[in-house]
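Below: one structure, written as structure tokens.
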Amino acid sequence: MLNTRAVLYDKTGELSLRTMELRLLQPGEARVRIRACGLCTGELMDWYMQRKAPLVPGHELVGEIVEIGEGVQGFEIGDRVVVHHHAPCHQCDSCKRGAYVHCSVWRSTALVPGGLSDYAIVASEIVRSDLLKISPSTPDEAAVFTEPLACVVKSLKRAHLRMGDRVTIVGLGVMGLLHGMLAVRWGASQVIGIDRVESRLQKAETLGLTPLQAGTSTDEMLLSDIVVVGPGSVDALDEAWRWVAPAGTLLLFTPAPPEVVYPLDWHSLYMRETRIIPSYSAGPDDMRCALSLIEDGLTVQSLITHTLPLEQAAQGYAMMRRAEALKVVIRP
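For the sequence shown, our numbering assigns the number 334 to the last residue and increments by one with no breaks.
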């Protein structure tokens, strides 16, 4: 048995550093030492976290393989890897349609105990399907963006982004800025970023986006083919509706709490032919595309504002809540 430190999120929403015992490896599994783990903005959704608590958060991670279970092929001790926290079966109807997040195996797989730890066990399904080697030239701080960028890859694919499209992003947290960076990379002719926080607007401008304060009057020339709704809030969705061009797409990137109901203007939706598309998490194809983009030079590292030790993970989340940090990376 091996002990590991891990950050536990309990039913009250409190975070504390604990020592946990890791079980022995089973066939097909791998044990990794966590080299870096990003803090996800989704882990700030208290309604979502508390229904899963107690748990060890953290799923944006880079690890180094320190032990390999029986039957594992293609990996060696010492390999640096990106670890996805879920993996599909590739056999069910959902997988055959490319809807990996609706696979029952995908939903059941998880890291043990989680990314905010010194060590974690990677399930055999993940080892087979979504454990990715990192090139020697790619630093941990860049590779740690693979999973969040994969979610953005899936999002813009589901929105059917085309060369020359106009894009507006409501909410310029790290996921909104990743949307902006990828939209620019994939040939959008105009990318507008909307937020209330001045530092985020300034950052957006350095990335090639046109920054606008939330509530800015719309202009017919600025309406977009794709509008990404970052925060899972009614205010963000209200803002987004104002920027969708006729026959445009409204992309819902974040869930709202289950009790939230939004009144739909069916008439306007129909007459303007607005598409509403949700996008949840990412699959193995998106992970590979994201890592390729990072290894090809997408400057994701520029979004990191704080690097903290494992003991300060709670402070990292607190800074994110107060919009004092953009991207926090934990280095155990």
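For every residue, glycine included, the Cβ atom is placed at its ideal position computed from N, Cα and C.
All of these numbers come straight from a predicted model, not from anything done at the bench.
Checklist entry - When DSSP builds the beta bridges, which residues end up paired with Lys329? => result Ile306
Item to check | Beta-carbon spacing of Val193, Val169 below 8 Å | outcome: yes
Item to check | Nearest residue (CA-CA) to Arg244, options Gly44, Ile171, Phe255 | outcome: Ile171
Checklist entry - Does the Cβ-Cβ distance between Thr208 and Ile228 come in under 8 Å? => result no
Checklist entry - What do you get for Val330, buried or exposed, if any count of 16 or more other CB atoms within 10 angstroms of its CB means buried? => result buried
Checklist entry - For Asp288, does the three-state DSSP call read helix, strand or coil? => result helix
Checklist entry - For Ala8, which three-state DSSP category applies? => result strand
Item to check | Buried or exposed by the 16-neighbour rule on C-beta atoms within 10 Å, applied to Ile128 | outcome: buried
Item to check | Pro213 - containing beta strand (DSSP E), residue span | outcome: 212-215
Item to check | CB contact flag (Ser119, Arg25, <8 Å) | outcome: no
Checklist entry - Val246 and Thr276: beta carbons closer than 8 Å? => result yes
Next on the checklist: Taking 8 Å as the cut-off, does the stretch 314-324 touch the stretch 106-115 (at least 3 CB pairs, one atom from each stretch)?
Outcome noted: no
Checklist entry - Taking Cβ positions, are Ile36 and Gly65 nearer each other than 8 Å? => result yes
Item to check | For Arg82 and Leu136, believed in contact at Cβ under 8 Å, the rounded distance | outcome: Looking at the sequence shown, residue 136 is not Leu but Ile. About 5 Å; that satisfies the 8 Å criterion.
Item to check | Rounded straight-line distance, which links the Cα of Ala284 to that of Thr220 | outcome: 32 Å
Next on the checklist: Which complete beta strand (DSSP E) runs does the stretch 162-236 hold, if anything under 3 residues is left out?
Outcome noted: 168-172, 192-197, 212-215, 226-231
Item to check | Residues bridged to Gly40 [DSSP beta-bridge criterion] | outcome: Glu62, Val331
Item to check | Contacts around Leu305, its chain only, beta-carbon distance under 7 Å, and the 5 residues preceding and following it disregarded | outcome: Val176, Leu179, Leu328, Lys329
Next on the checklist: Quick check on DSSP: helix, strand or coil for Glu275?
Outcome noted: coil
Next on the checklist: Can you give me the C-alpha to C-alpha distance between Gln93 and Pro213, rounded to a whole angstrom?
Outcome noted: 44 Å
Checklist entry - First and last residue of the alpha helix (DSSP H) that includes Ile128? => result 126-131
Checklist entry - Where does Val246 sit, in a helix, a strand or coil, going by DSSP? => result strand
Checklist entry - Does the stretch 52-69 come close enough to the stretch 7-21 to have 3 or more Cβ pairs within less than 8 Å? => result yes
Checklist entry - Can you tell me where the alpha helix (DSSP H) with Thr21 in it begins and where it stops? => result Where Thr21 is concerned, there is no enclosing alpha helix (DSSP H), although the beta strand (DSSP E) it sits in stretches over 17-24.
Next on the checklist: Considering Cα atoms alone, identify which of Val231, Cys42, Pro265 is closest to Ala161.
Outcome noted: Val231
Checklist entry - Short check: CB of Ser235 to CB of Phe255, under 8 Å? => result no
Item to check | Pair within 8 Å by beta-carbon distance, Ala38 and Asp132 | outcome: no
Checklist entry - Run through DSSP, which three-state label would Leu118 get? => result coil
Next on the checklist: What does the alpha-carbon distance come out to for the pair Arg56 and Leu224?
Outcome noted: Going by the sequence as given, residue 56 is Pro instead of Arg. Going by the C-alpha atoms only, they are around 45 Å apart.
Next on the checklist: Please identify the residue among Ser191, Leu239, Ser157 whose C-alpha is closest to the C-alpha of Asp197.
Outcome noted: Leu239
Checklist entry - When the Cα atoms are used, what is the spatial distance from Gly30 to Leu4? => result 18 Å
Next on the checklist: Buried or exposed for His348, going by 16 or more other Cβ atoms inside 10 Å?
Outcome noted: Nothing about residue 348 can be read from this structure; the chain reaches only from 3 to 334.
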